[in-house]
Amino acid sequence: MKVVCVLYPDPVDGYPPRYARGHLPEIEVYPGGQTLPTPEGQDFEAGELLGSVSGELGLRQFLESRGHTLVVTSDKEGPESVLDRELPDADVVISQPFWPAYLTAERIANAPKLKLALTAGIGSDHVDLDAAIKRGITVAEVTYSNSISVAEHAVMMILSLVRNYLPSHKFSEDGGWNIADCVSHAYDLEGMDVGVIAAGRIGQAVLRRLKPFDVRLHYTDKRRLPKEIEEELGLTFYETAQDLARNVDVVSIHAPLHPETRGLFNTELLNSMRKGSYIVNTARAQIVDRDAIVRALQTGQLAGYAGDVWYPQPAPPNHPWRTMPFNGMTPHISGTTLTAQARYSAGTREILECFFDGKPIRDEYLIVQGGGLAGTGAASYTADEDDQKS
Ligand code: NDP
Numbered sequence: 008m009k010v011v012c013v014l015y016p017d018p019v020d021g022y023p024p025r026y027a028r029g030h031l032p033e034i035e036v037y038p039g040g041q042t043l044p045t046p047e048g049q050d051f052e053a054g055e056l057l058g059s060v061s062g063e064l065g066l067r068q069f070l071e072s073r074g075h076t077l078v079v080t081s082d083k084e085g086p087e088s089v090l091d092r093e094l095p096d097a098d099v100v101i102s103q104p105f106w107p108a109y110l111t112a113e114r115i116a117n118a119p120k121l122k123l124a125l126t127a128g129i130g131s132d133h134v135d136l137d138a139a140i141k142r143g144i145t146v147a148e149v150t151y152s153n154s155i156s157v158a159e160h161a162v163m164m165i166l167s168l169v170r171n172y173l174p175s176h177k178f179s180e181d182g183g184w185n186i187a188d189c190v191s192h193a194y195d196l197e198g199m200d201v202g203v204i205a206a207g208r209i210g211q212a213v214l215r216r217l218k219p220f221d222v223r224l225h226y227t228d229k230r231r232l233p234k235e236i237e238e239e240l241g242l243t244f245y246e247t248a249q250d251l252a253r254n255v256d257v258v259s260i261h262a263p264l265h266p267e268t269r270g271l272f273n274t275e276l277l278n279s280m281r282k283g284s285y286i287v288n289t290a291r292a293q294i295v296d297r298d299a300i301v302r303a304l305q306t307g308q309l310a311g312y313a314g315d316v317w318y319p320q321p322a323p324p325n326h327p328w329r330t331m332p333f334n335g336m337t338p339h340i341s342g343t344t345l346t347a348q349a350r351y352s353a354g355t356r357e358i359l360e361c362f363f364d365g366k367p368i369r370d371e372y373l374i375v376q377g378g379g380l381a382g383t384g385a386a387s388y389t390a391d392e393d394d395q396k397s
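If you want the numbering used here, it's the 1-based position in the sequence shown plus 7.
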């Protein structure tokens, strides 16, 4: 079979980079008990850069030893791209949300042999799920592989916005000692109301990590958490994102992008929030209205916006979020630490082994299978009902 793998480019100083640490801590099991990926073998050292083109997710030896062809590229945009040229006879397409191979309905139509769209990471909104459902393509992702990585990043961004860390760091780097300038926009997080949009794997991990900061915690989700968890964390539940947004100082977004969440944070919702609120979005850019965020920062309705998700990705050099006031944006990196890469590369191999050997892919890894949403996809996403066979 032919496997096309779309990965982000290597570091500008070449591959491999100089690694800061020699080993990674061992995690036994994910919170809640889900086991880590269990591939039959592994051809990389945990801690290597696997997500860029030369890292190949550690898959080449495995795939070629089984007689498969592996094409790895970062060239993914436009009809002349390597991705578009390779699609017509591709059986499997793998990509990471950080450098997504947008599998639009048109591209899926140009890939008649495509059977598996695999996300090395979490979040398969770069695949047109309705088109995948219609074509019977399996869509799978490595659930939980980088959830804690993202949760840590979100907490870092919340603190960095509220404490005005990045502008203050800039003063220090530039040789200044402008304490008044630094602190004119700096507050303590303690005592604030902090809410998450969706309390799934990442959202819950964010709530747990914020609990020791003595904040009041709030959440909304399609399903209410068990009473014991609400009591343990002191959570206030809201039926809707709108209700939550007007009752908090900080919002962290952790819902998948699907029809229910697309464009959720529009001008009306932003204007209903407390003046000087903060938003951190490590979920997906299109959950918020791009220009409404810029305007809210300019008027002071928002005191800060940070995140690592953009649309499209990579973001163009003139994307307004690069330069809007009080932004703490990074490229899409939170879920691709070296730690996370080891886990999702192993999970990618596990899914491929199942796929090639005709064994069931773990339910928690499935988004679409057999002409309908499946597994995690059935729990978290929505699709056009007419497209669902069952
Ligand atoms: P989970 O599936 O564990 O959690 C998602 C939660 O969102 C579920 O509890 C789901 O509800 C809930 N949800 C779905 N729709 C809505 C809605 N309309 N309103 C409120 N809640 C909703 O996923 P993760 O926590 O692991 O990941 C969340 C998202 O984070 C991913 O979809 C992805 O987009 C993003 N992500 C970003 C990364 C990055 O690098 N920045 C890396 C990994 C993920 P229920 O299940 O109850 O129906």
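For every residue, glycine included, the Cβ atom is placed at its ideal position computed from N, Cα and C.
Residue i CB to nearest heavy atom of ligand 1 below 7 Å
{"i": "K282", "result": "no"}
{"i": "L217", "result": "no"}
{"i": "E239", "result": "no"}
{"i": "L380", "result": "no"}
{"i": "H133", "result": "no"}
{"i": "P321", "result": "no"}
{"i": "A205", "result": "yes"}
{"i": "A262", "result": "yes"}
{"i": "E267", "result": "yes"}
{"i": "K9", "result": "no"}
{"i": "D315", "result": "yes"}
{"i": "T289", "result": "yes"}
{"i": "K229", "result": "yes"}
{"i": "V157", "result": "yes"}
{"i": "T383", "result": "yes"}
{"i": "H339", "result": "yes"}
{"i": "A292", "result": "no"}
{"i": "A193", "result": "no"}
{"i": "N278", "result": "no"}
{"i": "A139", "result": "no"}
{"i": "A124", "result": "no"}
{"i": "G40", "result": "no"}
{"i": "A116", "result": "no"}
{"i": "I368", "result": "no"}
{"i": "P233", "result": "no"}
{"i": "A248", "result": "yes"}
{"i": "P104", "result": "yes"}
{"i": "R208", "result": "yes"}
8 Å Cβ cutoff met for residue i and residue j
{"i": "Y351", "j": "S152", "result": "yes"}
{"i": "V157", "j": "V146", "result": "no"}
{"i": "L242", "j": "L217", "result": "no"}
{"i": "G382", "j": "D370", "result": "yes"}
{"i": "D96", "j": "L90", "result": "no"}
{"i": "Y245", "j": "H225", "result": "yes"}
{"i": "V375", "j": "L125", "result": "no"}
{"i": "G143", "j": "G377", "result": "yes"}
{"i": "T274", "j": "A299", "result": "yes"}
{"i": "I294", "j": "L251", "result": "no"}
{"i": "G65", "j": "L57", "result": "yes"}
{"i": "A353", "j": "P46", "result": "yes"}
{"i": "R92", "j": "G54", "result": "no"}
{"i": "T227", "j": "L31", "result": "no"}
{"i": "I165", "j": "A212", "result": "no"}
{"i": "I94", "j": "F362", "result": "Looking at the sequence shown, residue 94 is not Ile but Leu. No, they are not a contact pair."}
{"i": "T389", "j": "P266", "result": "yes"}
{"i": "A303", "j": "L277", "result": "yes"}
{"i": "D181", "j": "E197", "result": "no"}
{"i": "V13", "j": "A139", "result": "no"}
{"i": "S167", "j": "L173", "result": "yes"}
{"i": "H339", "j": "P18", "result": "no"}
{"i": "S284", "j": "A310", "result": "yes"}
{"i": "G202", "j": "H261", "result": "no"}
{"i": "A290", "j": "Y318", "result": "no"}
{"i": "E357", "j": "P23", "result": "no"}
{"i": "G314", "j": "K282", "result": "no"}
Distance between beta carbons of residue j and residue i, contact taken as under 8 Å
{"i": "Y15", "j": "S59", "result": "5 Å"}
{"i": "V287", "j": "A161", "result": "5 Å"}
{"i": "V149", "j": "G128", "result": "6 Å"}
{"i": "V257", "j": "V190", "result": "Not really, about 19 Å apart at Cβ, beyond 8 Å."}
{"i": "P327", "j": "V301", "result": "5 Å"}
{"i": "H75", "j": "V10", "result": "6 Å"}
{"i": "D98", "j": "M163", "result": "Their Cβ separation, rounded to whole angstroms, is 39 Å, which puts D98 and M163 out of contact at 8 Å."}
{"i": "L121", "j": "V100", "result": "6 Å"}
{"i": "R253", "j": "M280", "result": "6 Å"}
Ligand 3 heavy atom lying under 7 Å from the CB of residue i
{"i": "D82", "result": "Among the ligands present in this structure, namely ligand 1, ligand 3 is not found."}
Practice problem: Tell me the start and end of each unbroken beta strand (DSSP E) in the stretch 349 to 378 that is at least 3 residues and wholly inside, in chain order. | Solution: 373 to 376
Quiz item: In chain order, which alpha helix (DSSP H) runs of at least 4 residues are fully inside the stretch 76 to 156?
Solution: 89 to 93, 112 to 116 and 136 to 142
Practice problem: Return the chain-ordered ranges of every alpha helix (DSSP H) run that is complete within the stretch 287 to 316 and spans a minimum of 4 residues. | Solution: 297 to 306
Quiz item: Which parts of the stretch 185 to 235 are runs of the beta strand (DSSP E), unbroken and 3 residues or longer, counting only runs that do not cross its ends?
Solution: 200 to 204 and 223 to 227
Practice problem: Within the stretch 237 to 291, note down every full beta strand (DSSP E) run reaching 3 residues or more, in order along the chain. | Solution: With a minimum length of 3 residues, the continuous beta strand (DSSP E) runs that stay inside the stretch 237 to 291 are 242 to 245, 257 to 260 and 284 to 288.
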